[in-house]
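Enquirer:
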Amino acid sequence: MAEAFRAALAQAGRDAQALISARLGRHDLPVARAMEHAVTGGKGLRGFLVLEGAKLHGVAREAALLPAAGIEALHAYSLVHDDLPAMDDDDLRRGRPTVHVAWDEATAILAGDALQSLAFELCADPAVGPHRADLCLALARAGGIAGMVGGQARDIMAESAETPLDLAQITELQQGKTGALIRWSAEAGAVMAGADTRPLGRYAAALGLAFQIADDILDVEGDAVRMGKAVRKDAGAGKATFVSLLGLGAAKTRARDLVETACDALSPYGAGAATLREAARFVIARDN
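Taken in order, the sequence shown gives residues 67 to 354; the numbers are from this note's numbering.
#1: Do GLY119 and LEU266 have their beta-carbon atoms positioned less than 8 Å apart in this structure?
#2: Identify every residue that forms a DSSP beta bridge with ARG159.
#3: Between GLU138 and GLY110, how many whole angstroms is the CB-CB distance? I'm expecting something under 8 Å.
#4: Within 10 angstroms of its Cβ, does ILE279 collect 16 or more other Cβ (buried), or is it exposed?
#5: Leaving out five residues on either side along the sequence, give the residues of the same chain with a beta carbon under 7 Å from the beta carbon of VAL97.
#6: What does the alpha-carbon distance come out to for the pair ALA270 and ARG99?
#7: Look up GLY338 in the DSSP assignment and say whether it is helix, strand or coil.
#8: What's the call for LEU239, buried or exposed, on a 16-neighbour Cβ count within 10 Å?
#9: Can you list, in chain order, the residues of its chain whose CB lies under 8 Å from that of LEU132, leaving out five sequence neighbours each side?
#10: Quick one, which of ALA351, ARG160, GLY136 has its alpha-carbon nearest LEU145's?
#11: Take ARG112 and list the residues in its own chain whose beta-carbon comes closer than 7 Å to its own, dropping the five residues that flank it on each side.
#12: Mapping the DSSP letters down to three states, classify PHE243 as helix, strand or coil.
#13: Mapping the DSSP letters down to three states, classify LYS318 as helix, strand or coil.
#14: When the Cα atoms are used, what is the spatial distance from SER87 to ALA73?
#15: Using a Cβ-Cβ cut-off of 8 Å (strictly less than) and excluding sequence neighbours within five positions of VAL257, which residues of its own chain qualify?
#16: Please report the Cβ distance between ALA306 and ALA224, rounded to the nearest whole angstrom; I am assuming they are in contact, meaning their Cβ atoms lie under 8 Å.
#17: For LEU233, which residues from the same chain have a beta carbon less than 7 Å from its beta carbon, with the 5 sequence-adjacent residues on both sides left out?
#18: Which value, in whole angstroms, describes the spacing of the CA atoms of PHE277 and LEU314?
#19: Are the beta-carbon atoms belonging to ALA168 and HIS103 less than 8 Å from one another?
#20: Please identify the residue among LEU342, ASP154, GLU344 whose C-alpha is closest to the C-alpha of LEU219.
#21: For the alpha helix (DSSP H) containing SER183, list its first residue and its last residue.
#22: Which class does ASP353 belong to by DSSP, given the choice of helix, strand or coil?
#23: Nearest-angstrom Cα distance between ASP170 and ARG347?
#24: Is the distance from the Cβ of HIS147 to the Cβ of ALA261 below 8 Å?
#25: Do ALA82 and ALA130 have their C-beta atoms closer together than 8 Å?
#26: Does the separation of the CB atoms of ARG127 and LEU117 fall below 8 Å?
#27: Below 8 Å between beta carbons: does that hold for VAL125 and ALA259?
#28: Give me the Cβ distance between ASP282 and VAL309, rounded to the nearest whole Å; I'm assuming they're in contact under 8 Å.
#29: By the three-class DSSP mapping on this structure, what secondary structure does ILE279 have?
#30: Could you have a look at LYS121 and say whether DSSP puts it in helix, strand or coil?
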């Protein structure tokens, strides 16, 4: 089953990137090439979650691929902006120069802006079906101040705060910064089908938190070459993380418990959700 998951994840990533590249191929501006650069090489986990959730609810893959590509575009926009000198000031992303290094800061800002717009264009495509407005509304909330942007803002504020964040505060921060888009991705298939989103929402809440704890662990134990980005930045900056608050061993235990919670949430879907269960296990077993 792990091999089936890896194949499905890789295929989701390729298909989402191909759809985005096809849309951008109509344009000859440098910013379009910067956008393609930004979406290339990622794991494709969020797009995979969209496609798997859609399959569980009988939604055609052709329709689901549009929001799957959309969430990959939105995620890429967030990374392009996070990497800017005014934010995390990173030179490396996915093993390649970040967009502002490969081009310049202005192009990176515009590429991020355009990727965000493309995400909504893809999710609002008539081929998505009758619930595309609900999908776009949920994406606006997940990507905005109540979700990813709000979490990032809290993260920036924490860097200069006199008192480091406690466990409850960092959990709230990460539920926005990382968890909101993961939750949207997992629930998208149910939204497209007009079905109950609660089981996949519970799955995604646990998955998103496990994902961030695994990221914090990788920042301590990971290899920069395999990660494709700088490591040990959090400790160097004195930032509170799940590892600094819980300790390495307890953080690993917490991540494993969250994976079990995520898998249990999928019980209404039976064997049909086996690949999603493997996705949860992958989150804490990955090395990048």
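All residues carry an ideal CB built from backbone N, CA and C; glycine is no exception.
Expert: Working from what's here:
#1: yes
#2: DSSP, once it has assigned bridges, lists ARG162 as partnering ARG159.
#3: At roughly 6 Å, the Cβ-Cβ gap stays under 8 Å, so GLU138 and GLY110 are in contact.
#4: buried
#5: Shown here for VAL97: same chain residues with a beta carbon closer than 7 Å to its own, the five before and five after excluded, namely THR173, LEU176, ALA177, ALA180 in chain order.
#6: CA-CA distance, ALA270 to ARG99, rounds to 32 Å.
#7: helix
#8: buried
#9: LEU85, LEU188, CYS189, ASP191, ALA193, VAL194
#10: ARG160
#11: ILE137, GLU138, HIS141, LEU247, ILE248, SER251
#12: One detail in the question is off: residue 243 reads as Lys in this sequence, not Phe. Note: LYS243 maps to helix in three-state DSSP.
#13: helix
#14: When rounded, the distance between both Cα atoms is 21 Å.
#15: Non-local beta-carbon contacts of VAL257 in its own chain, meaning distances under 8 Å to residues more than five positions away in sequence, involve HIS197, ASP200, LEU201, ALA204, THR263 in chain order.
#16: 7 Å
#17: The residues are LEU311.
#18: 15 Å
#19: It is a contact, given that the beta carbons lie within the stated cut-off.
#20: Leu is not the amino acid found at residue 219; the sequence shown has Ala there. Comparing Cα-Cα distances from ALA219 to each of LEU342, ASP154, GLU344, the minimum goes to ASP154.
#21: 171 to 189
#22: coil
#23: So the alpha carbons of these two residues sit roughly 38 Å apart.
#24: Taking 8 Å as the Cβ cut-off, HIS147 and ALA261 do not qualify as a contacting pair.
#25: no
#26: In contact: ARG127 and LEU117 (Cβ atoms closer than 8 Å).
#27: Their beta carbons are under 8 Å apart, which means VAL125 touches ALA259 by this criterion.
#28: 5 Å
#29: In this structure, DSSP gives ILE279 a helical state, which the three-state scheme calls helix.
#30: helix
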